[in-house]
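Trainee: Chains A and B, in that order, give the protein sequences.
Counting along the first sequence from 1, when you hit position 35 you're at 35 in our numbering, and nothing is skipped either side.
One rule links them: number in our numbering = place in the second sequence (from 1) + 109.
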Amino acid sequence: GQNIDQPTEMTATEGAIVQINCTYQTSGFNGLFWYQQHAGEAPTFLSYNVLDGLEEKGRFSSFLSRSKGYSYLLLKELQMKDSASYLCAVTEGDYKLSFGAGTTVTVRA
Amino acid sequence: IAGITQAPTSQILAAGRRMTLRCTQDMRHNAMYWYRQDLGLGLRLIHYSNTAGTTGKGEVPDGYSVSRANTDDFPLTLASAVPSQTSVYFCASSAGERTEAFFGQGTRLTVV
Chain A
1 GQNIDQPTEM TATEGAIVQI NCTYQTSGFN GLFWYQQHAG EAPTFLSYNV LDGLEEKGRF
61 SSFLSRSKGY SYLLLKELQM KDSASYLCAV TEGDYKLSFG AGTTVTVRA
Chain B
110 IAGITQAPTS QILAAGRRMT LRCTQDMRHN AMYWYRQDLG LGLRLIHYSN TAGTTGKGEV
170 PDGYSVSRAN TDDFPLTLAS AVPSQTSVYF CASSAGERTE AFFGQGTRLT VV
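#1: Find out if the Cβ-Cβ distance for the pair A/P7, A/T103 is shorter than 8 angstroms.
#2: What distance in whole Å lies between the Cβ atoms of B/I113 and B/A201, which are believed to be in contact at a cut-off of 8 angstroms?
#3: Quick one: is B/D171 buried, meaning 16 or more other Cβ sit within 10 Å of its Cβ, or exposed?
#4: In whole angstroms, give me the CA-to-CA distance for A/K96 and B/Q115.
#5: For B/Q146, which three-state DSSP category applies?
#6: Give the single residue among B/S203, B/G215, B/V220 whose Cα lies nearest to the Cα of B/M136.
#7: Which of the three DSSP states is assigned to B/Q194 in this structure?
#8: Can you determine whether any heavy atom of the ligand PLP sits closer than 7 angstroms to the C-beta of A/T23, and answer yes or no?
#9: Kindly list, in the order they appear in chain B, the residues whose Cβ is closer than 8 angstroms to that of A/L74.
#10: With the cut-off set at 8 angstroms, would you say B/V175 and B/R145 are in Cβ contact?
#11: Using only the alpha-carbon positions, how far apart do B/P184 and B/G167 sit?
#12: If you run the structure through DSSP and keep just helix, strand and coil, what is A/K68?
#13: Go ahead and pull the three-state DSSP assignment for A/G1.
#14: Taking its Cβ as the centre, do 16 or more other Cβ atoms sit within 10 Å of B/R177, making it buried, or is it exposed?
#15: Alpha carbon to alpha carbon, how far is A/K81 from A/V90?
#16: Measuring alpha carbon to alpha carbon, tell me which residue in B/T195, B/L150, B/R217 is nearest B/G125.
#17: Name the chain A residues that come within less than 9 angstroms of B/N159, Cβ to Cβ?
In structure tokens, the structure reads:
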């Protein structure tokens, strides 16, 4: 089974930085994904980590610590269009991809 | 345009009726998934398949069945719909465990 936890909501100001944490406990581990989902739309891929460390992609970075069962997504230079839900997901093996409940980020002017 | 297609986009269904949600992808992906998304509960895995002919149960499989007769299609069937199955259903596919999943646009199902 799996247990994937992330905060329900976060609010930040335009231009600021926000860090979304995700902790997981799974029976197997083949990598951790972050997805973005705007209201009424399908999720879209942001990042993938399978090794410990930081992966940077423009304004977005994702970190993984396998020994701690911990990841974070860092959003820098926040823009209004970054208001969305951010979903942490883990592959456990055998292609099973499970998601956390998601973190809704609201960016205020 | 290559991608993943779900049908119907939305449906209102009487309780007790049988319903099949369709999902087709043309990316030749091995893995396919069905999720339901309810407010506050995120995406919950219903069933998945890692290759044609093989399926597995996810977190909330009861009341749903799937088949994977070929690579492209992964239909989800509700044998006898109940109001608690009112939800938004997403189908997704991926080439492998370490590659991103692509999602369909979702099916909004209301069981009354």
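Idealized CB from N, CA, C, for every residue including glycine.
Mentor: Let me lay it out:
#1: yes
#2: 7 angstroms
#3: exposed
#4: 20 angstroms
#5: strand
#6: B/S203
#7: helix
#8: The model on display carries no ligand, and the ligand PLP is accordingly not part of it.
#9: Simply none; closest approach about 19 angstroms.
#10: no
#11: 15 angstroms
#12: coil
#13: Reliability of the predicted coordinates at A/G1 is poor, the pLDDT of 46 falling under 50, and the value obtained from them is presented with this limitation in mind. Looking at A/G1 - three-state DSSP - the assignment turns out to be coil, as it is neither helix nor strand.
#14: buried
#15: 25 angstroms
#16: B/T195
#17: D94, Y95, K96
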